[in-house]
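> Residue numbers for the sequence shown, in full-length UniProt numbering: 1 to 158.
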Amino acid sequence: MPGNEQCIHQFYAAFQNKDYVTMQELYHPEATFSDPVFQNLNSTEVKAMWEMLITSAKDLEVTFSDIAADQSKGTCRWDAVYTFSRTGRRVHNRIRAAFEFRDGRIVKHRDTFDFWSWSRQALGAPGLFLGWTPVVKNEVRATARKALDKFMRRADHP
């Protein structure tokens, strides 16, 4: 497997094994990350996000496929199945990841998924009827940001 394809494979294999340290090491010091919930994270924030998500997940299952990459960019499909802690509802999120690489590491990572589909599963009726609205999106984003900020302020977190 060529270099950047191997990087993507290592990232998701580590994710499957709940090895956030390896995931963090695969990011470039100037990395950025964005998805429909966690937007415009810098390298420190994205590393903390994966640590937070993995250490708080009780039943997370990750699968991945369709890895493709060249000298500078790559893509992957991945699925996350888990129980959303706020509601106790089971979620199966289908995600498309896009990467850019520098010095053999991930410098830009963008995940896309259907927010309305996610919100219907995670939030139930409110997600079904309002999950497509900016109000719900912004509330979910604010809650996620607050959780990440709190996680990063912990005494045992660098």
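Ideal Cβ positions, reconstructed from N, Cα and C, are used throughout, including at glycine.
(1) Please tell me whether V46 and H92 are closer than 8 Å, where the distance is taken between their beta carbons.
(2) Should F151 and A13 be called a contact, given that it needs their Cβ atoms to be closer than 8 Å?
(3) Quick check: what's the CA-CA separation for C76 versus Q10?
(4) Nearest to K146 by CA position, among V37, F101, R89 and I54, is which residue?
(5) Please identify the residue among K58, D103, W116 and T63 whose C-alpha is closest to the C-alpha of T83.
(6) State whether the segment 89 to 105 contacts the segment 113 to 125, with contact taken as three or more CB pairs (one from each stretch) at a distance under 8 Å.
(7) Please say whether I8 and I67 have beta carbons closer to each other than 8 Å?
(8) On the premise that R94 lies in contact with F115, defined as a C-beta separation below 8 Å, what is that separation, rounded to the nearest angstrom?
(9) Please state the DSSP three-state secondary structure of R86.
Reading off the structure:
(1) no
(2) no
(3) 12 Å
(4) V37
(5) K58
(6) yes
(7) yes
(8) About 12 Å; that fails the 8 Å criterion.
(9) coil
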